[in-house]
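These notes are about the structure you will find just below.
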Amino acid sequence: MLLKTLIFTQMALFSASDADAALEIVATTGMVADIVRHVVGEYGTVDSLMGEGIDPHLYKPTASDARKIMHADMIFYSGLLLEGRMTDTFLKAARMGKVVFPVTELIEETYLLEPPEFKGHWDPHVWMDVSAWAHAVNAIAKALCEHDPAHCEVYTSNAKKYNEQLTRLHQYALDSIASIPIEQRILITAHDAFNYFGRAYGIEVIGIQGLSTESEAGIEDVNRLVHLLVDKGITAVFVESSVSDRNVNALIEGAASKGHTVVIGGRLYSDAMGKGGTYRGTYIGMLDHNITTITKGLGGSATELGFASTLQQEEVVE
58 MLLKTLIFTQ MALFSASDAD AALEIVATTG MVADIVRHVV GEYGTVDSLM GEGIDPHLYK
118 PTASDARKIM HADMIFYSGL LLEGRMTDTF LKAARMGKVV FPVTELIEET YLLEPPEFKG
178 HWDPHVWMDV SAWAHAVNAI AKALCEHDPA HCEVYTSNAK KYNEQLTRLH QYALDSIASI
238 PIEQRILITA HDAFNYFGRA YGIEVIGIQG LSTESEAGIE DVNRLVHLLV DKGITAVFVE
298 SSVSDRNVNA LIEGAASKGH TVVIGGRLYS DAMGKGGTYR GTYIGMLDHN ITTITKGLGG
358 SATELGFAST LQQEEVVE
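Here the numbering used here runs 57 ahead of the position in the sequence shown, where the first position is 1.
Next up, the structure:
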């Protein structure tokens, strides 16, 4: 891939004389920014371009974003076409000598999913599998070490400590989803952002829209899912914080017209985290919220406070 070639070509431009300066880092999504912050620690500042409720599939870089990218020492983005409308910006930055890292494209392909209906395209929503996202943490640590070897020991240690937390979160997800009755382990959401979650935690996942929110669900898609709701007796579907509720509401109305009651089981974080400065505005908090909400919504056992007893009701996304 052209961008990968540019990335490693530009690594040689970093001078040892820059080693003592704090790195100025730009990241696209909150999920990427949060794990970069944990790994870089005190040796860098991280500016996230996309905040609460922002859909990265549709996001177009602003003039302010372009200035931040051109001023940054390093740029981390999720990759696999998640931020499809920003690709040209990243290529331009790399050609100009900026160090640009597509995080999910730096982990082994064995951890990636290629949905049959999107053959030739990897699913970009890797963060939904906590164990897979841990490999993104390691990829970030490696990138930081290559760019700033003077602090490599710190980056490696920070990544190890953070991944220990992710290991516990992953186990919480396994235990929680396993508590849902088998026949009720069907997760229906606004778009196909939860395939990695389904693979990791043993739950069938159905998205009304495709991998990208740029695609639209047709009447046939909605009708097909209405019949599925009725036939399987599914009583809960889930909306997403960064995607319109329109198609989910159409499902609920369609099921009601057939005498079958379906409710919204909760609002999930898919392509964006919660409000900055809150627990749900962190990667761990985002996944904790999703795991706990899905488990409770589908009839499983989960505490109100979730993983590590940290969830607070006043932070719940509206």
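Note that beta-carbon positions come from the ideal geometry of N, C-alpha and C, so glycine has one too.
Q.
Quick check on this structure: which residue in D186, V283, D112 and P206 has the alpha carbon closest to the alpha carbon of A293?
A. Along the sequence shown, read from residue 1 onward, the residue named residue 293 stands at position 236. Comparing Cα-Cα distances from A293 to each of D186, V283, D112 and P206, the minimum goes to V283.
Q. How many angstroms separate the CA atom of V300 from the CA atom of A207?
A. As a first step, residue 300 must be located in the sequence shown, where it is residue number 243. As a first step, residue 207 must be located in the sequence shown, where it is residue number 150. Going from the Cα of V300 to the Cα of A207 covers about 42 angstroms.
Q.
Suppose contacts are defined by Cβ-Cβ distances below 9 angstroms. Is V262 in contact with G311 by that definition?
A. In the sequence shown, residue 262 corresponds to position 205, counting from 1. In the sequence shown, residue 311 corresponds to position 254, counting from 1. The answer is no: Cβ separation not under 9 angstroms.
Q: Would you identify the three-state DSSP class for R324, choosing helix, strand or coil?
A: For the purposes of this step, residue 324 is identified with residue 267 of the sequence shown, where counting begins at 1. R324 falls in the strand class under three-state DSSP.
Q. First and last residue of the beta strand (DSSP E) that includes A84?
A. Here residue 84 refers to the residue found at position 27 of the sequence shown. It spans L80 to A84 - the beta strand (DSSP E) in which A84 sits, taken as one unbroken run.
Q) Between the C-alpha atoms of I327 and M107, what's the straight-line distance to the nearest angstrom? A) Translated into positions along the sequence shown, residue 327 becomes position 270. Translated into positions along the sequence shown, residue 107 becomes position 50. It should be pointed out that residue 327 corresponds to Ser in this sequence rather than to Ile. The straight-line gap from Cα to Cα measures roughly 13 angstroms.
Q: Compare the C-alpha of G290 against each of I245, E165, Y253 and L201 and name the closest.
A: As a working mapping, residue 290 is identified with position 233 in the sequence shown. Selected option, being the one with the closest Cα: I245.
Q) P113 and T86 look like a contact to me (Cβ under 8 angstroms); what is the Cβ gap, rounded to whole Å? A) For the purposes of this step, residue 113 is identified with residue 56 of the sequence shown, where counting begins at 1. For the purposes of this step, residue 86 is identified with residue 29 of the sequence shown, where counting begins at 1. Contact flag correct, Cβ pair sits at about 5 angstroms.
Q: Report the three-state DSSP secondary structure of F147 (helix, strand or coil).
A: Looking up residue 147 in the sequence shown gives position 90. F147 falls in the helix class under three-state DSSP.
Q: In the DSSP assignment, find the beta strand (DSSP E) that holds A247 and state where it starts and stops.
A: In the sequence shown, residue 247 corresponds to position 190, counting from 1. That run of the beta strand (DSSP E) goes I243 to H248.
Q. How about V378 and H95: do their beta carbons lie closer than 9 angstroms?
A. In the structure as shown, the chain begins at 58 and stops at 375. Residue 378 is therefore absent and cannot be evaluated.
Q | Rounded distance between the beta-carbons of N306 and Q266, thought under 8 angstroms | A | On the sequence shown, residue 266 is found 209 positions in, with the first residue counted as 1. On the sequence shown, residue 306 is found 249 positions in, with the first residue counted as 1. Wrong, their Cβ atoms sit about 14 angstroms apart, outside the cutoff.
Q) Assuming G354 and G322 make a contact with CB atoms under 8 angstroms, what is their CB distance in whole Å? A) Along the sequence shown, one-based indexing puts residue 354 at 297. Along the sequence shown, one-based indexing puts residue 322 at 265. Yes, they are in contact, since the Cβ atoms of G354 and G322 sit about 3 angstroms apart, within 8 angstroms.
Q | Euclidean distance between Cα positions of L139 and E162 | A | Taking the first residue of the sequence shown as position 1, residue 139 is located at position 82. Taking the first residue of the sequence shown as position 1, residue 162 is located at position 105. Cα-Cα distance, rounded: 11 angstroms.
Q) DSSP state of D232, grouped into three classes? A) Position 175 of the sequence shown holds residue 232. Helix at D232.
Q. Which two residues bound the contiguous alpha helix (DSSP H) that contains Y134?
A. Counting from 1 along the sequence shown, the entry for residue 134 is found at position 77. Per DSSP, Y134 belongs to no alpha helix (DSSP H); it is in the beta strand (DSSP E), M131 to Y134.
Q. How would you call P238, buried or exposed, if buried means at least 16 neighbouring beta carbons within 10 angstroms?
A. Position 181 of the sequence shown, counted from the start, is the residue given in the question as residue 238. Under this definition P238 is an exposed residue.
Q. Is the beta carbon of E81 less than 9 angstroms from the beta carbon of H128?
A. Taking the sequence shown and counting its residues from 1, the one referred to as residue 81 is at position 24. Taking the sequence shown and counting its residues from 1, the one referred to as residue 128 is at position 71. Cβ distance < 9 angstroms, so E81 and H128 count as in contact.
Q.
Is it buried or exposed, E221, if we count other Cβ atoms within 10 angstroms and call 16 or more buried?
A. In the sequence shown, the residue the question calls residue 221 occupies position 164. E221 is exposed by the Cβ-count criterion.
(Q) Suppose the cutoff is 8 angstroms on Cβ atoms and the five residues either side in sequence are ignored; what does the same chain contact list for E297 look like? (A) The residue you call residue 297 lines up with position 240 of the sequence shown. Counting only Cβ-Cβ distances below 8 angstroms, and skipping sequence neighbours, we find T246, A247, H248, A250, R324, L325, Y326, S327 and D328.
Q | Local Cβ density within 10 Å of G154, reported as buried at 16 or more and exposed below that | A | As a first step, residue 154 is located in the sequence shown; it is residue number 97 there, counting from the start. Answer is exposed; the Cβ neighbour count stays below 16.
**Q.** Nonlocal neighbours in the same chain, by C-beta distance under 6 angstroms from E271, ignoring five residues either side
**A.** Taking the first residue of the sequence shown as position 1, residue 271 is located at position 214. Caution applies to E271, whose pLDDT of 45 falls short of 50 and renders its modelled position unreliable; the model cannot decide the point.
Q | Pairwise C-alpha distance: G136 and H178 | A | Within the sequence shown, the letter at position 121 stands for residue 178. Within the sequence shown, the letter at position 79 stands for residue 136. Each residue's alpha carbon lies about 12 angstroms from the other.
Q: Would you mind working out which of N195, F147 and P173 sits nearest I164, comparing C-alpha positions?
A: Here residue 164 is taken as the residue at index 107 of the sequence shown, counted from 1. Checked all of N195, F147 and P173; the closest Cα to I164 is N195.
Q) Got a sec, what are the start and stop residues for the beta strand (DSSP E) F295 sits in? A) Residue mapping note: residue 295 aligns to position 238 of the sequence shown, counting from 1. Here the beta strand (DSSP E) through F295 covers A293 to E297.
Q. Would G342 pass as a contact of T335 if the rule is Cβ separation under 9 angstroms?
A. Translated into positions along the sequence shown, residue 342 becomes position 285. Translated into positions along the sequence shown, residue 335 becomes position 278. Against a cut-off of 9 angstroms, the Cβ pair of T335 and G342 comes out as a contact.
Q. Relative to the alpha-carbon of N347, which residue among A90, Y258, A313 and L308 has its alpha-carbon at the smallest distance?
A. One-based indexing of the sequence shown puts residue 347 at position 290. Among A90, Y258, A313 and L308, the Cα nearest to that of N347 belongs to Y258.
(Q) Is it buried or exposed, S233, if we count other Cβ atoms within 10 angstroms and call 16 or more buried? (A) Within the sequence shown, numbered from 1, the residue matching residue 233 stands at position 176. By the 10 Å Cβ count, S233 comes out buried.
Q: Whole angstroms is fine: what's the gap from Y79's alpha carbon to M330's?
A: Counting from one through the sequence shown, the residue named residue 79 turns up at place 22. Counting from one through the sequence shown, the residue named residue 330 turns up at place 273. Note that residue 79 is Ala in the sequence shown, not Tyr. If you take the alpha carbons of A79 and M330, they lie about 26 angstroms apart.
Q) Where do the N-terminal and C-terminal ends of the alpha helix (DSSP H) with V187 fall, by residue? A) Against the sequence shown, residue 187 aligns to sequence position 130. It spans V187 to H204 - the alpha helix (DSSP H) in which V187 sits, taken as one unbroken run.
Q. So, using beta-carbon positions, are D180 and T146 closer together than 9 angstroms?
A. As a first step, residue 180 must be located in the sequence shown, where it is residue number 123. As a first step, residue 146 must be located in the sequence shown, where it is residue number 89. Cβ distance not < 9 angstroms, so D180 and T146 don't count as in contact.
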